[in-house]
Every structure is written in structure tokens, then in C-alpha cells.
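The structure appears below as C-alpha cells.
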Amino acid sequence: MKVLGIETSCDETGVAVYDSEHGLLAHALYSQVELHAEYGGVVPELASRDHVRKLLPLIDQCLGESGLTRDAIDGVAYTAGPGLIGALLVGAAAGRSLAMALDIPAIAVHHMEGHLLAPMLEENPPAFPFVALLVSGGHTMLVEVRELGDYTLLGETLDDAAGEAFDKTAKLLGLPYPGGPALARLAERGDAGRFAFPRPMTDRPGLEFSFSGLKTHTRNLWLEHNEDQSARADIAAGFQKAVTETLAIKCRRAMQQTGSGQLIISGGVGANIALREKLTAEGEKHGWNVSYPRLEFCTDNGAMIAFAGCKHLLAGERQDLEISARARWPLDQLVSAPRLA
Amino acid sequence: MKLLAIETATERCSVALSVDGEVLSRGQQAPRQHAALLLPWVKELLAEAGIRLRDIDALAFSRGPGSFTSLRIGIGVTQGLAWGAEIPVVPVSSLNCAAQVAAQQGVTHALVALDARMAEVFCGRFHVDGSGIMQPGGEERVCAPHIAAAMAGPDLSGVGNGFERYPALQNVTRDLASVYPETLPDATAMIPLALNWLQSNSALPASKAQPVYLRDKVAEKPRAPRP
Ligand SMILES: Nc1ncnc2c1ncn2[C@@H]1O[C@H](COP(=O)(O)OP(=O)(O)OP(=O)(O)O)[C@@H](O)[C@H]1O
Ligand SMILES: [Mg+2]
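Protein chains in written order, with the numbering used here: chain A, 1410 to 1750; chain B, 316 to 542.
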């Protein structure tokens, strides 16, 4: 089955064609990062406007790269939420209509499920069941994945998401938007041991996260040391280490609690090298297998949507003619999404 | 000639299918329901006419101006249907469309003002030609209601919800030939406009189904960071 995947939930237009027999055939991405950089954050209306311009050219590009005609597509998958409602509606309207025009089934995909399954696009894919650490711009959660569609939320953040904490801390330190990758680069040159940082929520049981305190801690340190040029990299390194260690501690607990031997990391912060190194080392120490998507599939992309959609279509699920999009959509409510069996 | 038309610029949602001059349609006031209504309606109309989407010669879409989100739902649907079924598209102005609806009620010169929120209206002037088609009589713009009101004249009819929602426009009722505050763009009126457009233009590829927003300043850039 060849599935066209469409992702427009935030500031990237992603399109891909995934074939259940031959794997990923093509994928294309247009990032709006530069468009929003001038505003210091994503402007929803501008994001929607850009998706309307870029979507069909990207679909044409993907089809060209995969060497398929439009009639060779067997299904369409589009991100239906969570995300920016106006942006989601662009991809949902075009994707659902395109399927109707081609007389093929469509499926509405949960964006976080896309992230969750993204490592399965790689060689030697992880097999169900596993534990997933989702760390992105809007989410931080540990999820127990028993099989396709069977997801239990083990814990999530009580305030800022990990990516958000990276971005806000970067902004405090005067780094350019988007701050996460810039902060990670700066941290490479810093001494993570110079300043002490807390490891939030690790002194009590549970799998919840909280990152807003780290941000405040960083602000205070920076106010105190902003005359000292080397302090900036040292603070960045200390912050990054605090986040990665906190995430690692919670992953260890989740693995113990579930008895799982497979951990997967996904979402934009999953591109962070220090986090990957830390969790790979943990895996070796405790005997778990740790899987990641390739770096470009950590952040938003069409490939993960095509893949997740293909799995649901193969399971016989179908979306009716209503164009559905939801700004909020808890992952554990996946099964209650409007679908026709 | 088989034409499908989709109108989503306002809280009214409508679809029309014209098969060799015979028009089938669906339409209703549908705040926040455009996404749910459009495709089932298209399917119903095609079934009633006994044709397939691929038999359609052109897909007319409302290019705006109008409510950004509903406009993009209609345009997303247009892009998907047109791309999938390989049908070309025809842009139709929502203001021109409202004027055409009014023409069906006997209006010959229209000052259209649709609520653009944020205390503004989308407005434009239109005049009926010898074949009953409303033709633009100047630029379309987004402006304060009192600026639109200044365009009023005794030979013009006021058309659109701007005339019921803003005092500045309610106040010029006396200066107008007549007022149709409840008239909104509707897909049936897009059919003659699209046919007229096709007389002097060729239909466009699906990717050219793009909105005309008129309001382009949608966010403030932050001031330079403090030193
Ligand atoms: N190398 C990195 N180190 C740390 N953070 C990073 C790195 N690369 C990307 N990020 C962060 O990842 C986030 C973007 O990830 P992603 O695109 O998955 O999030 P999103 O799609 O905006 O949010 P969500 O998927 O929750 O809706 C940003 O916060 C960004 O700063
Ligand atoms: Mg994401």
C-alpha cells in the first residue's frame, strides 16, 4: 500500500510517500523557520498562509521523486491534531479532498503518534511493545506503546515542554530563534560542572516532568554572571546536562515500571546529541535497546504521518468525508477520534 | 460544460454544480461547519447529477476576501479535489459573488461591504453589464466602515453584512437606492461569474487556487531587543 502523508500542524509543511512493501519512497519538507524568526516565534496566521502556498508543490515534488502517478497512490494520511487549528485545516482539507478525488481511503493521524512511530522508519526498526520518550516543542511525555493504537501515558510535563525549555532558556541567554539547536551548540564549548543545576522532580517517585524551574534557575545565574563571557557556554552546558539527566532518570524508572527492553526517543529534542549519548549509555548499562529516528525525522515531517497513516489504513480504519482537525487531542483518546471502521 | 463551485468566504457555506446550464446546490449559514459540510455536499450533488468528479470541466473557488480560516478550508478542498481529479480551477471574488447574488434580486449597481472584523469591512463596487454579469468598478479593499460609507451614492445598492453590523454603514442607508444586508456570497452566483471569466481566460492549475486576503498585516514584529 502506497500512502501519501501530509503534515501541516505547525511551521513545517511535510509531504511523503510511504510504501508498506518498499518503505519510504520520497519525502519533502519546507520549513518556515525563517518566516517566523523575525517575530521571535510562530505566527499562526502566517503559518497557515504558507502551508496553502507550499502544499501542492511539495506533493508534486514527492510524486516526481517517487516516480509514481497520482493514480498509484492507495491512501492519504494527514495530521488532524494536535497543533495550530488553522494550519491543520489546510492539510486536512486538501488531504481529505484529494483522497475523495482519487477515490481512495483517507486517515486522520495524531501528530504525536507520528512522532511516536517515527523510529520504525529506520533500518532494524524497534518492534512493539516499547516505551517512548516524546520530547518536542510542545510535548514531553513517556508513553507505553503495546501495539499500534494502544498507548498509555505514563507521565508528562506539568509545565514547559523540554523543547520549550530549551527555546526559552536560549532566549534568556540571547541566542537567536529557534533556540534549542543553538543552545546545544553553545553547550558543546561549556563546562557543565561549573554551575550546579537542580534535577527537577527526581527526588520523588513518579514519571512527571517540570522544566520551568530550570529556566528560572538559568535566569538567575545569567543575571549574576552576564559580565563573564565564558559563563554563557557554561550555563548552557549545565542546563543541557540537567535536562538530559532528568530525562534519563525518568526513562530508567519507566523501563523498570513496565519491564520493557525497548526504549525509543522521538520529537525535536531527540535530535540533541548529548541526550542521545546519555540514553544510549543508559541502554548499554541496563541492557535495553534504544532507537531513534534519523535526525531529520525527529522534528516535524511528512514521512512519520505517511507511516502512521499506512499502519492504520492497513488495519482497516477509514476517515469519513468530514474534514476533521483538532487543536487539542490527548494521545490516549486516539481511539475515540472520529473514524469509520 | 460542467462546473463545480465552492464558496466559503463567510459564515455561509455553499456548493453548486452546473451541468449544461442546470444548477444543483447546497448552502446554509454554517459558522465553523465548513469543514464538515463541504465534501458530503459535493458527493451528494455529483450523485444527483449522475456524474463523476473527473467529468467536471472546471472548479470555481472563492478566492476571498473573507474569513481567513473558512476561506482556506474551501481552498484546501479545491486544491485537493482539483489536483486529485486533474481539473483546472477558476478564481471568483467573494465580493463580486455577493454582488452577483444581489443582481439576481434586481440590483444593477452594488456597493458590497462584508464584515472583515477588527472594525473593518471588505468592500468593492460592481456594475451589471449587458449580459447580467456584475463587473468590478474599481479595486477591492479592506477599510474602516466610514470609508466604505463615503462611497455610497443614490444609484448604488448596499450589499452585505457590513450594512447591518457597522453604524457608519447603517447610517448611509438613506443615501443608497436600496440595502441588502443579509446578502452573502453564494456558490450558485459563482457559476455565471466563472463562465464569464472563462470567456477571456483559461482555467488555472490546482496549485493556483490561492486566497486573496487583502489584509496582509497580521502580526507585529517585535521591536529591536533591549541592549
Ligand atoms: N539539537 C537540539 N537540542 C535541543 N533541542 C532541540 C534540538 N533540535 C531541535 N530542538 C528543539 O525541538 C523543538 C522542535 O521539535 P518538534 O518540531 O518536534 O516540535 P513541535 O513540532 O514544534 O512540537 P509538537 O510536536 O509537540 O507539536 C524545538 O523546541 C527545538 O528547540
Ligand atoms: Mg512535532
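Virtual Cβ for every residue (Gly too), placed ideally from N, Cα, C. Only a predicted model underlies this, so the values are computations on that prediction, with no experimental measurement involved.
Closer than 8 Å by beta-carbon distance: list the chain A residues that pair up with B/T384, in chain order.
-> Here the question's residue 384 of chain B lines up with position 69 in the second sequence. In chain order: S1457, I1494, G1495 and L1498.
Is there contact between the region 1448-1465 of chain A and the region 1490-1507 of chain A, where contact requires at least three CB pairs shorter than 8 Å?
-> yes
For B/E455, which option in B/A465, B/C438, B/G447 and B/G445 has the closest C-alpha, if you only look at C-alpha atoms?
-> Position 140 of the second sequence, counting from 1, holds the residue named residue 455 of chain B. Nearest C-alpha to B/E455: B/C438.
Can you say whether B/L360 is buried or exposed, counting buried as having 16 or more other CB atoms within 10 angstroms of its CB?
-> For the purposes of this step, residue 360 of chain B is taken as the residue at position 45 of the second sequence. By the 10 Å Cβ count, B/L360 comes out buried.
Inter-residue Cα distance where the pair is A/G1484 and B/F376 | Residue numbering aside, residue 1484 of chain A sits at position 75 when the first sequence is read from its first letter. Residue numbering aside, residue 376 of chain B sits at position 61 when the second sequence is read from its first letter. Looking at the two C-alpha atoms, the distance is approximately 25 Å.
Tell me which same chain residues have a C-beta within less than 6 Å of the C-beta of B/P500, skipping the five on either side of it?
-> Translated into positions along the second sequence, residue 500 of chain B becomes position 185. Taken in chain order, the residues that qualify are E322, A324, S409, C412 and A413.
Tell me whether B/G395 is buried or exposed, calling it buried when 16 or more other Cβ atoms sit within 10 Å of its Cβ.
-> Numbered from 1 along the second sequence, position 80 holds the residue referred to as residue 395 of chain B. Result: buried.
Tell me whether B/H461 counts as near ligand 2, meaning its Cβ is closer than 7 Å to at least one heavy atom of that ligand.
-> If you number the second sequence from 1, residue 461 of chain B lands on position 146. Not so, every heavy atom of ligand 2 lies at least 7 Å from the Cβ.
Give the residues of chain B in contact with A/R1505, contact being defined as C-beta atoms less than 9 Å apart.
-> Working through the first sequence from its first residue, we reach residue 1505 of chain A at position 96. What A/R1505 touches in chain B: A350, L354, G391, V392 and G395.
Own chain residues within Cβ distance below 6 Å of A/A1593, not counting five before or after | Counted from its first residue, the first sequence places residue 1593 of chain A at position 184. Once the five neighbours on either side are set aside, the close Cβ partners of A/A1593 are N1681.
With 8 Å set as the bound, which would you pick, yes or no: does the beta-carbon of B/R541 sit closer than that to a beta-carbon of chain A?
-> Position 226 of the second sequence, counting from 1, holds the residue named residue 541 of chain B. The predicted model places B/R541 with a pLDDT of 49, which falls under 50 and marks its position as unreliable; any figure quoted below should be read in that light. No, B/R541 does not count as interfacial toward chain A.
Under 8 Å between beta-carbons, which chain A residues line up against B/G399? List them in chain order, please.
-> Sequence index remark: in the second sequence, residue 399 of chain B carries index 84 (1-based). The contacting residues are R1479, S1506, L1507, A1508, M1509, A1510 and L1511.
Going along chain A, which residues have a C-beta under 9 Å from B/K536?
-> Numbered from 1 along the second sequence, position 221 holds the residue referred to as residue 536 of chain B. Within 9 Å Cβ-Cβ: E1447, Y1448 and G1449.
Nearest to B/L319 by CA position, among B/I506, B/Y528, B/V494 and B/V416, is which residue?
-> Position 4 of the second sequence, counted from the start, is the residue given in the question as residue 319 of chain B. Nearest of B/I506, B/Y528, B/V494 and B/V416 to B/L319, Cα basis: B/I506.
Grab me the residues of A/S1429's own chain with a C-beta within less than 7 Å of its C-beta, minus the 5 sequence neighbours each way, in chain order.
-> Counted from its first residue, the first sequence places residue 1429 of chain A at position 20. So the list reads M1410, C1719 and L1723, once near-sequence residues are dropped.
Starting from B/M449 and walking both ways along the alpha helix (DSSP H), at which residues does that stretch end?
-> Working through the second sequence from its first residue, we reach residue 449 of chain B at position 134. Not the alpha helix (DSSP H): B/M449 falls in the beta strand (DSSP E), residues M449 to P451.
Just the chain A side, please: which residues come within less than 7 Å of B/A434 by C-beta, in chain order?
-> Here residue 434 of chain B refers to the residue found at position 119 when the second sequence is read from its first residue. Those do not exist, as B/A434 stays about 18 Å from chain A at its closest Cβ, beyond 7 Å.
Alpha carbon to alpha carbon, how far is A/A1605 from A/Q1649?
-> Working through the first sequence from its first residue, we reach residue 1605 of chain A at position 196. Working through the first sequence from its first residue, we reach residue 1649 of chain A at position 240. A/A1605 and A/Q1649: Cα-Cα distance of roughly 12 Å.
Is the shortest distance between the beta-carbon of B/P526 and the beta-carbons of chain C less than 8 Å?
-> Protein chains in the displayed structure are A and B, and chain C is not among them.
Just curious, the alpha helix (DSSP H) that B/A434 is in, first and last residue?
-> Residue mapping note: residue 434 of chain B aligns to position 119 of the second sequence, counting from 1. No alpha helix (DSSP H) holds B/A434; DSSP gives it neither H nor E.
Heavy atom of ligand 1 less than 7 Å from the Cβ of A/F1648, yes or no?
-> The residue you call residue 1648 of chain A lines up with position 239 of the first sequence. No - ligand 1 has no heavy atom lying nearer than 7 Å to the Cβ of A/F1648.
Residues that A/P1466 contacts on chain B, provided the C-beta gap is smaller than 8 Å = One-based indexing of the first sequence puts residue 1466 of chain A at position 57. Simply S522.
Whole-angstrom C-beta distance between B/A373 and B/V334, which should lie under 8 Å = Locating residue 334 of chain B in the second sequence gives position 19, counting from the first residue. Locating residue 373 of chain B in the second sequence gives position 58, counting from the first residue. That belief does not hold up - the Cβ atoms of B/V334 and B/A373 are roughly 13 Å apart, past 8 Å.
Keeping to the same chain, check which residues put their C-beta closer than 7 Å to that of B/A521; ignore five residues upstream and five downstream.
-> As a working mapping, residue 521 of chain B is identified with position 206 in the second sequence. Cβ within range, chain order: Q394, A397, W398 and V404.
Starting from A/L1730, find everything on chain B with Cβ-Cβ shorter than 7 Å and list it in chain order.
-> Stepping through the first sequence from its first residue, residue 1730 of chain A is reached at position 321. Going along chain B in sequence order, the residues near A/L1730 (Cβ under 7 Å) are L354, P355 and K358.
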